[in-house]
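**Q**
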Amino acid sequence: MYFQFVAIMLLSIMIATGFLHRCTPCAFAIAMIHVFLLDRTNYQKHYF
Numbered sequence: 216m217y218f219q220f221v222a223i224m225l226l227s228i229m230i231a232t233g234f235l236h237r238c239t240p241c242a243f244a245i246a247m248i249h250v251f252l253l254d255r256t257n258y259q260k261h262y263f
């Protein structure tokens with residue numbers, strides 16, 4: 216799990232610097248969706 220948050224941090228730095236500006240936001244979105252869907256209570260209770 217720590218690896219995934221480190222990867223998200225690196226992807227956000229890449230977005231901020233504009234490095235691979237087409238691929239990086241897609242990878243960032245996939246990583247954030249994965250973290251969001253890992254916690255079942257978060258999307259079942261608070262995001263209707």
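Here the sequence shown stands for residues 216 to 263, where the numbers follow the working numbering.
We put the CB at the ideal spot given by N, CA and C, even for glycine.
Given this structure, state the Cα-to-Cα distance separating Ala-242 from Thr-232, to the nearest angstrom.
**A** Counting from 1 along the sequence shown, the entry for residue 242 is found at position 27. Counting from 1 along the sequence shown, the entry for residue 232 is found at position 17. Roughly 15 Å between the two C-alpha positions.
**Q** I need the DSSP call for Leu-226, collapsed to helix, strand or coil.
**A** Within the sequence shown, numbered from 1, the residue matching residue 226 stands at position 11. The answer is helix: DSSP assigns Leu-226 an H, G or I state.
**Q** What did DSSP end up calling His-249 once you bin it into helix, strand or coil?
**A** Your numbering for residue 249 matches position 34 in the sequence shown. Of the three classes helix, strand and coil, the one that applies to His-249 here is helix, per DSSP.
**Q** Do Thr-239 and Met-224 have their beta-carbon atoms positioned less than 7 Å apart in this structure?
**A** The residue you call residue 224 lines up with position 9 of the sequence shown. The residue you call residue 239 lines up with position 24 of the sequence shown. Against a cut-off of 7 Å, the Cβ pair of Thr-239 and Met-224 comes out as no contact.
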